[in-house]
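*Asks:* I am attaching a structure below and will ask some questions about it afterwards.
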DNA sequence: TTAGCATACTGGTCTGACCAAGATCAGACC
DNA sequence: GGTCTGATCTTGGTCAGACCAGTATGCTAA
């Protein structure tokens, strides 16, 4: 994982990529800067233009650089979409990874909520409160309900004021929303879930308001555990209806 | 001649990338599969080879695909290096991100240790024990000591048997080792750190052995907190020292 | 001074070609 | 018949030059 010397030795794509990486890591290329044109880069490094484009494209998918048609290539601020893409692809090929990603999500959120207890400001509280209210309003709707649920959890992470945690969290956004949504479809099957959803989120909210990291973490963890339990029971088929009718 | 409106109005790179993404996400392209040759792909999609190469290169940096010289392009299992690259670049341009990454690391490890308590097997215990012993042996060496420290923490994450957590953790490996190393250099300044390092890690190890997630998490958190405290004092001490020597 | 246009420049793409080396298969040899 | 060997096909790696379509800029004319 060490930086390869960019002088010579590498060839083609590697040479260009290494050249640019060095400037980017060293800081001589900062966000907002415009790179020299592809042609110049090509002649400068003694490679052909397609090769240069390969390197630029690579940096593009990494979210480091943006190629603007007929304008030039500019350095951008690192973007989340990379992680998004990665997780999307990774999950598509390893479905069993979903549980893993869920664990990562729990990890991120539990840490985020601890930070949120320390760092949350009024605006964060308000956002959480709005999300909480929305959860109550949309309790009977699958789509809107799932959205509200997601918004609440996102608000927690945002309240941590940690860029990295936010980035990681949103990189799993697609999966999370999907997960939230399918969970939300259980609401009909489990009437008791309404109470769970509303009360649990409220308790989490209160813990953050109280700025009690331990309680917030514990409550959030319990929230996830109960959600898992519901899903487990759904799989087993042990529905409220069944048990109630007996 | 040109079947421009085959599917959508996407053009060039996007067309190829979307084509491949579709197959990859749908699962018709699985790890181990070999893609058709660049030339075939080019004629199939009605684009030129350089464009195809751009798309393949993009997938390569995403760790989805591997281009093997004179062999062909094969689908690989998602690789960590993407996240590594991303974090490297991201950090180079936003140094203030380091604390954030540290928080993410704490998040990952604390979740990992909980899972480790449930999932760790004999081999994991042995690995942890070896790492623990190594910490004791190298307590007076900065480099080896830092390495041992890192290995111990990595062993925890590995013991969680969570691919995603492991991936995320190792993606911050570079930063972590650096962090660990600089912390280790404080050992000389604070003799009490030896006790801290050895006892803390042992306590963490014991908690995992006891399969007690709550205790393990709490102990690990305390471990990080104490480490931060040492570093804080080191900063203050350095200031005192320099100001005193003047 | 300013409006307007020509031109150089930029990315986006294609074509066709060459190289080096793995893969393959036919034919020669044992 | 079985195995070895070499020609050939195929594959990625790369290059050179060209054309297009807009953008930016500067220079000229009003």
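Residue numbers (our numbering), protein chains in the order written: chain R, 924 to 1169; chain C, 924 to 1169.
Glycine included, each C-beta is placed from N, C-alpha and C at the ideal position.
With burial defined as no fewer than 16 other Cβ atoms inside 10 Å of the residue's Cβ, what is the status of residue 1080/C: buried or exposed?
*Replies:* Result: buried.
*Asks:* Got a sec, what are the start and stop residues for the beta strand (DSSP E) residue 989/R sits in?
*Replies:* Element bounds for residue 989/R: 988-991.
*Asks:* Decide yes or no for the touch test of the stretch 998-1014 of chain R against the stretch 1086-1100 of chain R: beta carbon pairs closer than 8 Å, at least 3 of them.
*Replies:* Touching, per the Cβ criterion.
*Asks:* Nearest to residue 949/C by CA position, among 1116/R, 1054/R and 1011/R, is which residue?
*Replies:* Nearest C-alpha to residue 949/C: 1011/R.
*Asks:* For the pair the stretch 935-950 of chain C and the stretch 972-985 of chain C, tell me if three or more CB-CB distances fall below 8 Å.
*Replies:* As far as the Cβ criterion goes, the stretch 935-950 of chain C touches the stretch 972-985 of chain C, which means the pair count is three or higher.
*Asks:* Return helix, strand or coil for residue 957/R, following the three-state DSSP convention.
*Replies:* Here residue 957/R sits in strand by DSSP.
*Asks:* Hey, quick one: how far does the beta strand (DSSP E) through residue 995/C stretch, first residue to last?
*Replies:* Run containing residue 995/C: 995-998, per the beta strand (DSSP E) assignment.
*Asks:* Determine the extent of the alpha helix (DSSP H) in which residue 1093/C is found, giving its start and end residues.
*Replies:* Residues 1086-1094.
*Asks:* Three or more C-beta pairs under 8 Å: does that hold for the stretch 1045-1059 of chain R against the stretch 1122-1141 of chain R?
*Replies:* Yes, the stretch 1045-1059 of chain R touches the stretch 1122-1141 of chain R.
*Asks:* In angstroms with no decimal places, state the Cα-to-Cα distance between residue 1122/C and residue 954/C.
*Replies:* Rounded to the nearest angstrom, the two C-alpha atoms are 44 Å apart.
*Asks:* Just to confirm the assignment, what range does the alpha helix (DSSP H) spanning residue 1052/R have?
*Replies:* From DSSP, the alpha helix (DSSP H) with residue 1052/R extends over 1045-1060.
*Asks:* Answer yes or no: does any C-beta atom of chain R fall closer than 8 Å to that of residue 1085/C?
*Replies:* Judged by the 8 Å Cβ criterion, residue 1085/C is in contact with chain R.
*Asks:* By Cβ distance below 7 Å, which residues in the same chain neighbour residue 935/C in space, the five residues on each side in sequence not counted?
*Replies:* Taken in chain order, the residues that qualify are 970 and 974.
*Asks:* In this structure, how does DSSP classify residue 1003/R when only helix, strand and coil are distinguished?
*Replies:* Coil.
*Asks:* Distance, Cα to Cα, residue 1117/C vs residue 1085/C?
*Replies:* Straight-line Cα distance between these residues: approximately 31 Å.
*Asks:* Between the alpha carbons of residue 1062/C and residue 1024/C, how many angstroms are there, rounded?
*Replies:* In a straight line, the C-alpha of residue 1062/C is about 26 Å away from that of residue 1024/C.
*Asks:* Would you mind giving the Cβ-Cβ distance between residue 1074/C and residue 1057/C, rounded to the nearest angstrom? I have them listed as a contact below 8 Å.
*Replies:* Contact holds; Cβ gap of about 7 Å.
*Asks:* Does residue 1016/C get closer than 8 Å to chain R when you measure Cβ to Cβ?
*Replies:* Yes, contact with chain R.
*Asks:* So, under 8 Å CB-CB, residue 1125/C and residue 1021/C are touching, yes? Tell me the CB distance rounded to an integer number of Å.
*Replies:* So it is not a contact: roughly 28 Å between Cβ atoms.
*Asks:* Answer with yes or no whether the minimum CB distance from residue 1147/R to chain C is below 8 Å.
*Replies:* So no, residue 1147/R is outside the interface.
*Asks:* Should residue 1143/R be flagged as near chain C, meaning a C-beta pair shorter than 8 Å?
*Replies:* By this cut-off, residue 1143/R is not an interface position.
*Asks:* Can you give the beta carbon distance from residue 1083/R to residue 1039/R, rounded, assuming they're within the 8 Å contact cut?
*Replies:* At roughly 5 Å, the Cβ-Cβ gap stays under 8 Å, so residue 1083/R and residue 1039/R are in contact.
*Asks:* Establish whether the CB of residue 1011/C and some CB of chain R are separated by less than 8 Å.
*Replies:* Yes, contact with chain R.
*Asks:* Would you mind telling me which residues of chain R sit closer than 8 Å to residue 936/C, beta carbon to beta carbon, in chain order?
*Replies:* Result: 980.
*Asks:* With 16 other CB atoms within 10 Å as the buried threshold, where does residue 977/R fall?
*Replies:* Under this definition residue 977/R is a buried residue.
*Asks:* Can you find a C-beta in chain R that's less than 8 Å from the C-beta of residue 1174/C?
*Replies:* Not covered by the structure: residue 1174/C. The range shown for chain C is 924 to 1169.
*Asks:* For residue 1155/R, count the other beta carbons within 10 Å of its own beta carbon; 16 or more makes it buried, fewer makes it exposed. Which is it?
*Replies:* The residue is exposed, with fewer than 16 neighbouring Cβ atoms inside 10 Å.
*Asks:* According to DSSP, is residue 1018/R helix, strand or coil?
*Replies:* Here residue 1018/R sits in coil by DSSP.
*Asks:* Buried or exposed, going by whether 16 or more other CB atoms sit within 10 Å of the CB of residue 995/R?
*Replies:* With fewer than 16 Cβ atoms within 10 Å of its Cβ, residue 995/R is classed as exposed.
*Asks:* When the Cα of residue 937/C is compared with those of 960/C, 968/C, 962/C and 956/C, which residue comes out closest?
*Replies:* The shortest Cα separation from residue 937/C among 960/C, 968/C, 962/C and 956/C belongs to 968/C.
*Asks:* I need the DSSP call for residue 1069/C, collapsed to helix, strand or coil.
*Replies:* DSSP places residue 1069/C in helix when its eight states are reduced to three.
*Asks:* Going by beta carbon distance, what residues of the same chain come within less than 7 Å of residue 927/C, once the five residues before and after it are set aside?
*Replies:* With a pLDDT of only 36 at residue 927/C, under the threshold of 50, the placement of this residue in the model should not be trusted; the figure read from the coordinates follows. Correct list: empty, nothing qualifies.
*Asks:* Name the chain C residues whose beta carbon is nearer than 7 Å to that of residue 984/R?
*Replies:* Those are 981, 984 and 985, listed as they occur along chain C.
*Asks:* Is the shortest distance between the beta-carbon of residue 991/R and the beta-carbons of chain C less than 8 Å?
*Replies:* Chain C, which has no Cβ nearer than 8 Å to the Cβ of residue 991/R, makes this no.
*Asks:* How should residue 1001/C be labelled, buried or exposed, when 16 other C-beta atoms within 10 angstroms of its C-beta is the threshold for buried?
*Replies:* Residue 1001/C should be labelled buried.
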